[in-house]
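Read left to right, the sequence shown gives residues 0 to 237 (numbering that gives the first Met the number 0).
Using N, Cα and C, we set each Cβ at its ideal position, and we do this for glycine too.
Worksheet: one structure, shown below.
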Amino acid sequence: MNAAEATSGICKGHGGASKAIIARGVEQSPDLLRKENSDVAAAEYHEGEMGVARLFVALYWTWVASEVLLQVVARTSRGSDEVKDRGSLLLLLPAIFGSIWISVWYRDAHGRTMLGGAHWLGTAAFILLIVGLAIRWTAIITLGRSFSTNVAIHATQTVHKTGLFRWVRHPSYTGMLLILAAIGISQRNWVSLAIMLAFPTAALIYRIHVEEMALTEAFGEDYVEYTKVTKRLLPGIY
0 MNAAEATSGI CKGHGGASKA IIARGVEQSP DLLRKENSDV AAAEYHEGEM
50 GVARLFVALY WTWVASEVLL QVVARTSRGS DEVKDRGSLL LLLPAIFGSI
100 WISVWYRDAH GRTMLGGAHW LGTAAFILLI VGLAIRWTAI ITLGRSFSTN
150 VAIHATQTVH KTGLFRWVRH PSYTGMLLIL AAIGISQRNW VSLAIMLAFP
200 TAALIYRIHV EEMALTEAFG EDYVEYTKVT KRLLPGIY
């Protein structure tokens, strides 16, 4: 064999090996493409989940700021004869914000156990937070100057029976409970959710009792009749 023939053989050998490698690449390319597409989809899903989480946090702090603002601008002074609060506000605020702290602490200590920590729970919590805020603020705006963060009856106040008040007597508290449920769900832990609902609900039930006593005293039969055709928090249920 001369040098030219040897070189030709080597080239043919390399050519055959290259063709074999290319063939294997072609055979494997669908699997590689599927893996790449899967990785891209996972990255996009994770980015979307993080986006929802950031929106939830922003909306959460907006809610907290709004509640602080309400305490400043919509609180009837203690010295007024209109105040019938009986300590319900002092019970409600620690119940709400204490429950938030405990629920986050428990989630950090025990992890996300709700439905295996399913990612879609974050989106569900965000939607529920929006609904809760919408209901609460609609009720507050409807009440206008009659709204007070502590239980108080103003001289110009009347029994509201329109809008959300056609369906429940305390829609702002319904909205509040939905907000708290959203916070609980966002922790993705069953115990955290139970904490978020149990203590604030108990405090709200006491506050509703105090509020309805004051309203009955102020409006008499008109309010009593209103209570016969509406529920407190959930239409047709409670």
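According to DSSP, is residue i helix, strand or coil?
| i | result |
| --- | --- |
| residue 64 | helix |
| residue 117 | coil |
| residue 151 | strand |
| residue 83 | coil |
| residue 158 | coil |
| residue 224 | helix |
Beta-carbon within less than 8 Å of residue i's beta-carbon, same chain only, minus the 5 sequence neighbours each way: which residues are those?
| i | result |
| --- | --- |
| residue 164 | 138, 141, 170 and 229 |
| residue 58 | 125, 128, 129 and 132 |
| residue 85 | 150 and 209 |
| residue 233 | 167 and 173 |
| residue 72 | none |
| residue 134 | 163, 170, 171, 173, 174 and 177 |
Let me confirm a value: residue i is counted as buried when at least 16 other C-beta atoms fall within 10 Å, else exposed. Which label applies?
| i | result |
| --- | --- |
| residue 116 | exposed |
| residue 125 | buried |
| residue 173 | buried |
| residue 166 | exposed |
| residue 49 | exposed |
| residue 96 | exposed |
| residue 235 | exposed |
| residue 186 | buried |
| residue 64 | exposed |
| residue 7 | Residue confidence is low: residue 7 scores 47 on pLDDT, short of 50, so the model does not pin down where it sits. No coordinate-derived value is stated. |
| residue 68 | exposed |
| residue 197 | exposed |
| residue 168 | buried |
| residue 53 | exposed |
| residue 89 | exposed |
Please determine, among the options, the residue with the shortest C-alpha to C-alpha distance to residue i.
| i | options | result |
| --- | --- | --- |
| residue 220 | 81, 158, 95 and 151 | 158 |
| residue 87 | 223, 213, 195 and 184 | 213 |
| residue 100 | 218, 194 and 208 | 194 |
| residue 154 | 66, 85, 144 and 55 | 144 |
| residue 177 | 108, 62, 211 and 119 | 62 |
| residue 161 | 225, 81, 118 and 55 | 225 |
| residue 76 | 53, 184, 147 and 217 | 147 |
| residue 107 | 91, 188, 67 and 93 | 188 |
| residue 179 | 94, 73 and 53 | 94 |
Which same chain residues, not among the five before or five after residue i, have their C-beta less than 6 Å away from its C-beta?
| i | result |
| --- | --- |
| residue 51 | 121, 122 and 125 |
| residue 105 | 190 and 191 |
| residue 83 | 150 and 213 |
| residue 152 | 81, 213 and 217 |
Identify, in the order they occur along the chain, each residue of the same chain with its Cβ nearer than 7 Å to the Cβ of residue i, setting aside the five sequence neighbours on each side.
| i | result |
| --- | --- |
| residue 181 | 124, 127, 128 and 131 |
| residue 74 | 147, 148 and 149 |
| residue 184 | 120, 123, 124, 127 and 192 |
| residue 237 | 230 and 231 |
Legend entry - Segment contact, 8 Å Cβ cut-off, at least three pairs: the segment 104–115 with the segment 201–213: no
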